[in-house]
Every structure is written in structure tokens, then in C-alpha cells.
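Colleague: This is the structure, below, for whatever I ask next.
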Amino acid sequence: MRAFVRFFRLFLPCLIFCTSLYAQKKNETYQYHIRQTTSPVRIDGVMDEPGWLEADTATNFYMVLPMDTSFARLRTDVKMTYDQQNLYIIAVCYYDPTASVRQNRPFVQSLRRDWEFGKNDNFIFFMDPFDDQTNGFTFGANAVGAQWDGLLYEGGKANLSWDNKWYSEVKNYDDRYVFEAAIPFKTIRYKKGITRWGINFSRQDLRTTEKSSWAPVPRQFPTASLAYTGTIVWDQAPPQVGSNISLIPYALGGLTRDYANQKPSSYRGDVGLDAKVAVTSSLNLDLTVNPDFSQVDVDRQVTNLDRFELFFPERRQFFLENGDLFTNFGYANIRPFFSRRIGLGVPIRFGARLSGKLNKDWRIGLMDMQTGKVAETGLPAQNFAVVALQRRIFSRSNIGAIFINKESLNYEPEAGKPAYSRYNRNIGLEYNLASSNNAWTGKVLFMKSFDPQTGGKRNHVHAANLLYSTRKWIVGWQHEYVGNNYTAEVGYVPRRGYIKANPTVSYLMFPKGGKVLSHGPQITSYYVYNESFRKTDNETVAMYLTTFRTKSVFAVWAGRDFVRLLQPFDPTNTGRDTLARGTEHRWNAVGVDYISKPQSVFTYAFSGRYGGYYANGTRLFLSTDLGYRFQPYVSLALSANYNDIRLPETNSSTKFWLVGPRIDLTMTNRVFFTTFMQYNEQARNVNLNARFQWRYQPASDIFLVYTDNYLPGSLSVKSRALVLKLTYWWNV
């Protein structure tokens, strides 16, 4: 333990040193000069307005994939202009001039919004309005006009669940397609008076397997990487939009019935309101009263063979803008705040969030949510308050602090009902490293919890990681300590009372020719110890990864596992016999993974694993994902996995399937119908979900959602629900 503390004390200076190695923005010389237009711009995919003729052109894109050592083979031209209300962009994406018109037909999945990047010809651009190379916005479309929008955080990760008002059109020609868009200044956040924004444009063409960008980006990083943006130079400060208030009311009616408990049908009618108030052009206040999230996509079920809680991402719009300030504090499995703890199974009465930029260096996030009481379980009304603050240092790094308070209001325990804590508080501090060229990234973290149930010892967390990435090498180290008494009731911390070390290294080789683009080995290992430094877990995996020039991927791996159970555990998670606490288990396993090339209308992926398992047993795992598209209107998908677990020590054999067919119908880029079924033998449930969405105006929708749950085998209905919901986005 002391060794880890000493390492932690040495780690922060090391991260700061890595940051200070680089100071200047990498693509500072790539500048686009934008000028205000004096004539109207019509969003129709046709470049015939005078404003476009007067605008500069960004061209001569660089290839990012398959290699990043030359200019792109396909030509892409981009122009930008603006007026007092909107930022305008038009991109002309030319096809391969040596190919026939039939060969140049675009590859897309469907007209569904926020499509899968790797399976669509597309044009996307990335904006960094503060030019801090950390946070921003992304907009774009695939080659038939399906929109893509999201928030950028942590230097280049995109949250596509974010949704807002903007307008676009795509027009197709024999030799090109044209994307034209208007982004209202009210939709984005930026600081008054800043005349230099970060910008980059990205193009993907699946037929030639080429991804390109205007400002060059090394192939090991996504084109969304804000460390490699160029610069928009404004002819004058972008306009201030004045009052910027949006009201988003909703009304719904619904019918539910619980057949399993023989309860009669229940009807519901509800109304609520969300509001977005721009306190400044870079600071936003979100308000919600009686929110409803029935239109949110159902989580995709997974087979759960883990000893710990699984993580599912947040999809509710209210929690998303600047959500990284709150939910990305910590690590993937050490999150002091996880917004899905609020309002699932209990009513949210009201909430408020103030978040955004104070200036180029400071970000702030304040949140307060109030939930109602649940009389049946004795759950009291609760208040959730969060304060987050972030200060940029050096070129792209930052220091963040967070305070979280969950409090039960006027709570008195009731006999015969579960007991709830009166309060739980967390405070944390972290340093996030991001060098100017993105080669060095890392984090140092410390957190502490406070509650009336546990004492003041072993209620803290400290962790650190450092990752070095080049085209050929990825080398990383991470360690974690989570005290046994650390409690984050509003967080996601599935395991406590452990010390973990996690080294990783990989190397890629690039042949000069042939079908293989890159190949190389990767070794990942983690070791977990209890607080007495006794080993409880270890997994080491050696993998060989091959990527082909067609973008198909093949990997083989072998691994060794060790587990010392800290609690009784059923390794099938089906309610069968459990293995005893303190027993030790070791096994070896091998596996193979393959993902087909995305250019085909029929795509597939396969994954397989065979080897040992708990209690000297064996586990066979097979998984496949199949997809077929009738471009651009219909997309069919089927995911299925199968587990065969045999445990001789308990004389048991368990086999179960998880099957999920899905159909997406997109008659236009405003009307979507999605239906999917999830047959989960392990959970003994069949779920059917059908969702119709009509986007009758930008960011305004009508939803019709139908959900059934059945018992496997008999297919008798357990529950059924039907909801009709109307939302309207009104700019005051």
C-alpha cells in the first residue's frame, strides 16, 4: 500500500512534465478566414448564392486512413460564411473520377439520425469555439442526408445523445454529393469577443476506404481530435444573439398493464416542461419540471456473467450538455456521480443545471435535482446537489474538483420497510493530462466520501494512469485504490476495498503493400489485491490484431485468469448453486474475433471463446452480429450470442441464448420506425419494443412507443405499455 502511495506522489510531477513538453497548437498554420455574407443563404444543397461565391475554400484534404502520409485521393471542398443568426457551411464531396456512376453510389445504413460512423459515407465537421482543444460540437450528415450531431469532450470523444436545433440538406449528383447546413448561433456556446475558433472537416468514403481531414490528423487518433484542429479566423467577433430562451413542453398519454401480478390496466396523462436559458453565450441554465423520458431508447441487453454491477450510459437529454463535467469525473469504474441513479423508478419533481464556460480557462457545473417519495417502499423524497469546477492549465490539461450531496428529506425509518441513508457526500480532485499533440494522456485522482454509516477510515480513493500513443506504440499504466468504506450512492463504483494495477502495451507494423494494412501484438494485464495486499484477481491477455485494407479486422487471443472469490458467487448468474467465498479458481482460454468490411450491404461480425471457467469447468461462448441494408430506407440487424457453461464440481450444465433482431425503417430523414426484440434466456425475459418518431420540426417530435415483456417458452405476457408523446421546441 505504501508503495502505491509513493508512486502516486511521484506520478503527478511526471504527468505535469509530460504536459509541459508541448505548448504550441499542432495545426496552427491551417487557417480558414470566414466573412459575413450580405445575401440570404438557402439550405438546399445547391451552391448558387452570392455568399458562397465570395467565401474562401478549404480544400487539399490529407489522408488519415488507410495511411496518413499523403494527400487524400478524393477531392473535398468546404466553404463557410455567416449572418447575424446562423453559421453556414457547404461541403462538396467528389467521388472517384476514374470510377463509373454505378460504382460511386454512396454507402449508407439508413436515414436514421446519429448513424454509426464506420458504416456510412459521410462528411462531419468539428468546432472548438473556445479553441481550448478540449470541448466542442460536431455536426454532419451521411451521403443521403441523415443528420449527425453531438457534444465533444475530453479532447475528441463525441456524445451523440445530445440533440439541438439546426438545419441541413444533402443533394446527390453523378460525380459528387453536396452537404449544406445552417447552425444557429443560439444552438452552440461561445464566448463574446473570441475571433479564433478551432475547426476541422472530416470526410469518409467507404468504396475507397479513405478517411481524410482538412487539417492533418495522425491515423492513431480520431478526426474528432481537437488537438489537431485548424483555426477559423473571423472577420469580426461572432454576433451576440440576444435573448436565448427555449421552452420545450411535452404532453403524453399512456396505458400500462401488469399481467404478471394480475393488476388491471392503468392510464396516465402527463405534462411537463424543459427550458434552456442562455445566461451568457457560453453559460447555459437547464430547467425541468415533471420530466418524462419514455421516448428514450431501451438499453440493449447483455449476457451478465460478471460478479459486479454492469454500466449502461445516460441517454436522457436533460443530463447531457456539459455532462462530462459531472459524469466523467473519475474512471470508468470509479465514478462519484452517475446520473442514472436519479429518477429511475422514482419521480423527478424538478431540476436545474447551470453549466458551461466562464472564460477560456474556467468551466463550471451546478446541478440540483429533487425526487418524490415512494410510499410503497418507504423511500423518502431526496435531493441531489452537485458542484463541479474545472480549470485549464498548460495547453490542453486541466484540474477539476467536484462535490456531491445526496440527502433524504424529513426522513424517519418505517418498520417493515427498507432503511435508507440520511445523506451521502463525496468530494474529489483530479488532474487530467493531455499533451498538445495527444501523445501523452493521463489522470491523477483523489476522492473521499462522508456518510453517517461508516467511520473516517478507508473511505477514500486514489488512482492514476498514463498512456503514451504513437502510430506504432501504445504503452500504458493505471493503478487504483478504493477503500472498503468508500461510498458513492449517486455514483458507479461496483467494487470497493481493493488495489489494482493495469499495464498494457501494443505494437503495430505497416506493410508497404498487399491486403494487410497493419498488424501487431497487444498484451494487457491487470492485478487486483485486497487492502492487506493479498491477490484476489489477475487476468493476462495476449492478442494479435490484423487490420486489412478493406477495413475488415481479425484478432486472435489467449488469456489466463485467476479469481479468489470474496463473496459466494453463481458463475452462471441464473440463481443456481453458488461457489464458496474464499475459493480460488484458475483457467486458460482462447478466442477469435472478426469484423467484415463495412462497404458491403451485408455485414457480419463473429466472436468466439473457449476454455476453462470457475470450479474447473469450461465455457464456450459464440456471438455474431449480422446486418443487411436496402439503401437508404431499410436496415436489418440481428445480434445473437450463446453460452455453454459446464461445472463438474457442482455437477451442472447451463446453456442460454441472447438474441436481438432489429428493423429500422427510415422513409425520410424526419420519419423513423424502429422495432426490435430481445430474447434473454438468462434473465428469463422476452422484450419487444417498437418506436415511431416523426420530427415534424427541428428538435420537435411525436413519439409512439409500444413495449411488451413476455416469459420465454410460453410467451405469456408479463407486462405491456403504450405511450404517445408530443414535444415542441419553442424559441422565445
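Counting with mature numbering (1 follows the signal peptide of the UniProt record, and there is no 0), you get residues -25 to -1, 1 to 707 for the letters of the sequence shown.
Cβ atoms here follow ideal geometry from the backbone N, Cα and C, with glycine treated the same way.
Predicted model, so just to flag it, every value in this text is computed and none were measured.
(1) Please list, in chain order, all residues of the same chain as Y504 whose beta carbon is under 7 Å from its beta carbon, the five residues on each side excluded.
(2) How is Q292 classed by DSSP in three states: helix, strand or coil?
(3) Verify whether the separation of the beta carbon atoms of N139 and Y128 is less than 7 Å.
(4) Ends of the beta strand (DSSP E) at E351?
(5) Using alpha carbons as the reference points, say which of K447, T682, S396 and F544 lies closest to P427.
(6) Going by C-alpha distance, which of S500, S507 and T416 is nearest N459?
(7) Compute the Euclidean distance between the alpha carbons of N660 and Y685, then round it to the nearest angstrom.
(8) Where does N591 sit, in a helix, a strand or coil, going by DSSP?
(9) Can you give me the C-alpha to C-alpha distance between residue 722 and F648, rounded to a whole angstrom?
(10) My output table needs one value for E389: the three-state DSSP class, helix, strand or coil.
(11) Can you tell me the Cα-Cα spacing of N175 and N297, whole angstroms?
(12) Considering only the beta carbon of each residue, do F631 and Q657 sit closer than 7 Å?
(13) With 16 as the cutoff for other CB atoms within 10 Å, does M642 come out buried or exposed?
(14) Could you check whether N95 and N117 sit closer than 7 Å to each other, using their CB atoms as the reference points?
(15) Rounded to the nearest angstrom, what separates G131 and R291 at their Cα positions?
(16) Is G430 helix, strand or coil by DSSP?
(17) Would E185 pass as a contact of I65 if the rule is Cβ separation under 7 Å?
(18) I'd like the ranges of any beta strand (DSSP E) spanning at least 3 consecutive residues and lying wholly in the segment 310 to 335.
(19) Let me confirm a value: Y519 is counted as buried when at least 16 other C-beta atoms fall within 10 Å, else exposed. Which label applies?
(20) Classify P543 as helix, strand or coil using the three-state DSSP reduction.
(21) Determine the extent of the beta strand (DSSP E) in which T32 is found, giving its start and end residues.
(22) Do three or more CB pairs link the segment 385 to 405 to the segment 160 to 170 at distances below 8 Å?
(23) Alpha carbons only, please: which of L541, E24, R561 and W562 is nearest the one belonging to T553?
(24) By the DSSP assignment, the alpha helix (DSSP H) with F301 in it spans what residues?
(25) Could you check whether the segment 221 to 239 touches the segment 300 to 308, counting it as contact only if at least three pairs of C-beta atoms, one from each stretch, sit closer than 8 Å?
(26) Under 8 Å by Cβ, that's how I've got D58 and T12 pegged, so tell me the actual separation to the nearest angstrom.
(27) Under a three-way DSSP split, which group does V698 fall into?
(28) Which same chain residues, not among the five before or five after K526, have their C-beta less than 7 Å away from its C-beta?
(29) If contact is defined by three or more beta carbon pairs under 8 Å, each pair taking one atom from either stretch, is the segment 190 to 208 in contact with the segment 411 to 421?
(30) Which of the three DSSP states is assigned to E3 in this structure?
(31) Would you identify the three-state DSSP class for L201, choosing helix, strand or coil?
(32) Between A615 and V634, how many whole angstroms is the CB-CB distance? I'm expecting something under 8 Å.
(33) In terms of residue numbering, what span does the beta strand (DSSP E) encompassing E382 cover?
(34) Once you ignore the five residues that flank V349 on each side, which residues in its own chain have a CB closer than 6 Å to its CB?
(35) Label T44 either buried or exposed according to how many other C-beta atoms from any shown protein chain fall within 10 Å of its C-beta, with 16 as the threshold for buried.
(36) Taking 7 Å as the threshold (C-beta atoms), are N513 and F537 in contact?
Modeller: According to the structure shown:
(1) Taking the sequence shown and counting its residues from 1, one reaches residue 504 at position 529. These residues qualify, in order along the chain: Y473, I474, K510 and T511.
(2) Here residue 292 refers to the residue found at position 317 when the sequence shown is read from its first residue. Helix.
(3) Residue numbering aside, residue 139 sits at position 164 when the sequence shown is read from its first letter. Residue numbering aside, residue 128 sits at position 153 when the sequence shown is read from its first letter. Going by C-beta atoms, N139 is not nearer than 7 Å to Y128.
(4) Position 376 of the sequence shown, counted from the start, is the residue given in the question as residue 351. No beta strand (DSSP E) holds E351; DSSP gives it neither H nor E.
(5) Working through the sequence shown from its first residue, we reach residue 427 at position 452. The candidate whose alpha carbon is nearest that of P427 is S396.
(6) Counting from 1 along the sequence shown, the entry for residue 459 is found at position 484. Answer by Cα proximity: S507.
(7) Locating residue 660 in the sequence shown gives position 685, counting from the first residue. Locating residue 685 in the sequence shown gives position 710, counting from the first residue. Roughly 6 Å separates the two Cα atoms.
(8) In the sequence shown, residue 591 corresponds to position 616, counting from 1. Correct three-state label for N591: helix.
(9) In the structure as shown, the chain begins at -25 and stops at 707. Residue 722 is therefore absent and cannot be evaluated.
(10) For this step, residue 389 is matched to residue 414 along the sequence shown. Correct three-state label for E389: coil.
(11) What you label residue 175 is simply residue 200 of the sequence shown in a count that begins at 1. What you label residue 297 is simply residue 322 of the sequence shown in a count that begins at 1. If I take the Cα positions, the gap works out to 21 Å.
(12) As a working note, residue 631 is residue 656 in the sequence shown. As a working note, residue 657 is residue 682 in the sequence shown. Yes, these two residues count as a Cβ contact at 7 Å.
(13) Taking the first residue of the sequence shown as position 1, residue 642 is located at position 667. With fewer than 16 Cβ atoms within 10 Å of its Cβ, M642 is classed as exposed.
(14) By one-based count along the sequence shown, residue 117 stands at place 142. By one-based count along the sequence shown, residue 95 stands at place 120. Yes.
(15) In the sequence shown, residue 131 corresponds to position 156, counting from 1. In the sequence shown, residue 291 corresponds to position 316, counting from 1. Each residue's Cα considered, the two are about 21 Å apart.
(16) For the purposes of this step, residue 430 is taken as the residue at position 455 of the sequence shown. It is coil, neither helix nor strand.
(17) The sequence position of residue 185 within the sequence shown is 210, counting from 1. The sequence position of residue 65 within the sequence shown is 90, counting from 1. No, the Cβ-Cβ distance between E185 and I65 is not below 7 Å.
(18) 323 to 332
(19) In the sequence shown, counting from the first residue as 1, residue 519 sits at position 544. Under this definition Y519 is an exposed residue.
(20) Position 568 of the sequence shown holds residue 543. Coil.
(21) On the sequence shown, residue 32 is found 57 positions in, with the first residue counted as 1. No beta strand (DSSP E) holds T32; DSSP gives it neither H nor E.
(22) no
(23) Position 578 of the sequence shown, counted from the first residue, corresponds to residue 553. When only C-alpha atoms are compared, the closest one is L541.
(24) For the purposes of this step, residue 301 is taken as the residue at position 326 of the sequence shown. F301 -> alpha helix (DSSP H) spans D299 to T302.
(25) no
(26) To locate residue 58, count along the sequence shown from 1; it is residue 83. To locate residue 12, count along the sequence shown from 1; it is residue 37. So it is a contact: roughly 6 Å between Cβ atoms.
(27) Residue mapping note: residue 698 aligns to position 723 of the sequence shown, counting from 1. Strand, per DSSP.
(28) Taking the first residue of the sequence shown as 1, we reach residue 526 at position 551. Same-chain partners within the cutoff: T184, K572 and P573.
(29) yes
(30) Start at 1 with the first residue of the sequence shown, and residue 3 comes out as number 28. DSSP places E3 in coil when its eight states are reduced to three.
(31) The sequence position of residue 201 within the sequence shown is 226, counting from 1. Of the three classes helix, strand and coil, the one that applies to L201 here is helix, per DSSP.
(32) Here residue 615 corresponds to residue number 640 of the sequence shown, with the count starting at 1. Here residue 634 corresponds to residue number 659 of the sequence shown, with the count starting at 1. The pair is a contact, with the Cβ atoms about 5 Å apart (cut-off 8 Å).
(33) To locate residue 382, count along the sequence shown from 1; it is residue 407. Looking at the DSSP string, the run of the beta strand (DSSP E) that includes E382 is S372 to S383.
(34) Within the sequence shown, numbered from 1, the residue matching residue 349 stands at position 374. Excluding positions up to five away in sequence, the list reads V321.
(35) Translated into the one-based positions of the sequence shown, residue 44 becomes position 69. Exposed: under 16 other Cβ atoms inside 10 Å.
(36) The residue given as residue 537 occupies position 562 in the sequence shown. The residue given as residue 513 occupies position 538 in the sequence shown. Yes, these two residues count as a Cβ contact at 7 Å.
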